[in-house]
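Per the UniProt record's numbering: the sequence shown = residues 1 to 354.
Yeah, the Cβ is synthetic: ideal placement off N, Cα and C, and Gly gets one too.
Presented below is the structure to which this report refers.
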Amino acid sequence: MIKISREIFALTETGDIEDLKKALQHAIELEHSTIPPYLYAMYSLSGSGSVANQKIAATIMDIALEEMLHMLLVGNILKAIGSSPQVFSENFVPNYPSSLPGSVGSVVVPLKPFSRQVVKDIFMEIEAPENPLNFEIKEIAFTLEPPKTIGEFYGRIKKVFEEQGDAIITDTTGDTQPTSSFPVNMRITSAQKAIDAINVIVEQGEGTSTTPLFPDGDASPDNDHLAHFYRFAELVYGKIKKNPAPKPGDPPEKQFIYDSADPVSFDEQQVILLPDNPKSAQYAEGSDARALSDEFNRTYTRILKFIHQAFNTNPNRLDNAVNLMPMLSDTVARLMKIDLGNGKKAAPTFEFLP
């Protein structure tokens, strides 16, 4: 389970605006750090000939895009209180395998191809709620120890906005804040909008204490999506379904079950074998693998640069970042055609390369 360090938690407890700015910068780094591991697993499925694997890849891609939304929302909250999000630096990019920024004594997150074990041991741990709803897997109990989590960290940040209100908001128009096509209000112009954004981040990742679903804002609850933790849990334990016969007064844990008789289809034989935690330096100078790895990292670094500029100089630069993202997938597709001679294919390394 991901545990945020006491030093980082302490930044949310002083009531000091400068400490709050530091906490939010750590939150941006944390949100970003989940994206490369998710994308790496997704890439190992995206070129698969298996329709089932492509569906899992689409699920992981959806989650990665929502993590990007969370990163942008936190950045706009930071801008709203008068600070400048820092995205474009070598220290911003984790050296995988790595603990997530601001975490301590917890999960070491790698770049690894998709497997149910990676989902269970890494991805579910990243997204684990403070008090997960412990649904049954048919008749087998599924339990998780309640942790101190990313959600608790955000809860403390939210409390600062609840206590100090609009007095700490300096950007009351949001005109300098980058926005995109996500179906969420991204401009933070009041303490309440900051609180609403934090609720989106937490509930989209973890669900709530009463449901695994994240309301998508329309009038039909049947269209609500599972939160990230429970979407990953389905890949491991089977599809989440309404309990067909709940008893009156049953707690939320009894309202749903993991149906192990209806697993999410997955073809392990069709996963593209990628190396764990690759580095560009492992690819020979002058080789196609090295050239494509460098190309990927230059594009990835340019995306970070454009996001940094969107926060700090020109919000329209976010469009430049979004327009570069298909180039990453194209480069990966070419990389994964290169045989490394050890039964594995070349893969992206997610390294900072100006």
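Can the beta-carbon of residue i be found less than 7 Å from the beta-carbon of residue j?
i	j	result
PHE311	GLY75	yes
MET42	ILE60	yes
VAL118	ILE2	no
LEU100	TYR40	no
GLU152	GLU130	yes
LEU304	VAL51	no
ILE56	LEU65	no
ILE8	GLY102	yes
ILE168	ILE63	no
PRO354	THR313	no
ASP171	LYS79	yes
VAL202	VAL184	no
LEU69	PHE182	yes
Per DSSP, what kind of secondary structure is residue i in: helix, strand or coil?
i	result
VAL271	coil
ILE122	helix
LYS239	strand
GLY217	The pLDDT assigned to GLY217 is 49, lower than 50, so where the model puts this residue is not dependable; a value taken from the coordinates is nonetheless given after this. Three-state result, GLY217: coil.
ASP16	coil
TYR96	coil
SER46	helix
SER280	helix
residue 362	With the chain covering only 1 through 354, there is no way to say anything about residue 362.
ASP339	strand
ILE188	coil
ASP175	coil
ILE257	strand
LEU69	helix
ILE2	coil
LYS345	strand
SER33	helix
LEU318	helix
LEU226	strand
SER103	strand
ILE169	coil
PRO183	coil
PHE350	coil
ASP330	helix
residue 358	The structure shown has nothing for residue 358, since the chain only spans 1 to 354.
GLU130	coil
GLY151	helix
VAL74	helix
GLN309	helix
VAL87	coil
SER293	helix
LEU39	helix
LEU324	helix
For residue i and chain B, any beta-carbon pair shorter than 7 Å?
i	result
GLY238	Of the protein chains in this structure there is only one, and it is not chain B.
As a quick exercise: from the options, pick the residue whose alpha carbon is nearest that of residue i.
i	options	result
ILE198	THR349, GLY15, LEU11 and LEU24	LEU24
ILE272	ALA27, LEU20, GLU7 and ASN53	ASN53
ASP294	PRO263, ARG334 and GLY174	ARG334
ASN323	THR299, HIS308 and LYS345	THR299
GLU29	TYR258, PHE182, GLU67 and ALA167	GLU67
PRO315	SER5, PRO178, LYS22 and GLU90	PRO178
TYR237	ILE257, THR301, GLY174 and GLY205	ILE257
LYS159	HIS308, ILE240, THR349 and GLU13	GLU13
GLY47	PHE114, LYS242 and VAL202	PHE114
ASP276	LEU69, PRO251, PRO348 and LYS79	PRO348
ASP121	LEU235, LYS344, GLY174 and SER84	LEU235
ALA261	LYS239, PRO278 and PRO252	LYS239
PHE232	GLN309, VAL264 and THR313	VAL264
HIS225	GLY205, SER83 and ILE77	GLY205
SER209	ALA128, SER5 and MET327	ALA128
GLY343	LEU274, PHE306, GLY249 and LYS279	LEU274
SER329	ARG317, PHE350 and GLN309	PHE350
ALA27	PRO248, LYS241, ASP259 and GLY155	GLY155
THR173	LEU292, ASP259, MET327 and LYS193	LYS193
PRO37	PHE123, ALA227 and GLN309	PHE123
PRO252	PRO212, SER181 and PRO244	PRO212
PHE296	ASP319, LEU69, PRO326 and LEU318	PRO326
Taking all protein chains shown into account, do 16 or more other C-beta atoms lie within 10 angstroms of the C-beta of residue i, making it buried, or fewer, making it exposed?
i	result
THR331	buried
GLY49	exposed
VAL109	buried
ALA321	buried
GLU90	exposed
PHE214	buried
ALA346	buried
PRO246	exposed
GLY207	buried
ALA289	buried
ALA10	exposed
Check: Is it true that the segment 282-301 meets the segment 332-345, where meeting means three or more beta-carbon pairs spaced less than 8 Å apart?
Finding: yes
Next item on the list: Count the C-beta pairs between the segment 30-47 and the segment 87-96 that are closer than 8 Å, then say yes if the count reaches three, no if not.
Entry: yes
Notebook entry, point to check: Counting Cβ pairs, one atom from each stretch, are 3 or more of them under 8 Å apart for the segment 171-190 and the segment 62-73?
Noted result: yes
Next item on the list: Could you tell me whether the segment 155-170 touches the segment 257-272, using the rule of 3 or more Cβ pairs below 8 Å?
Entry: no
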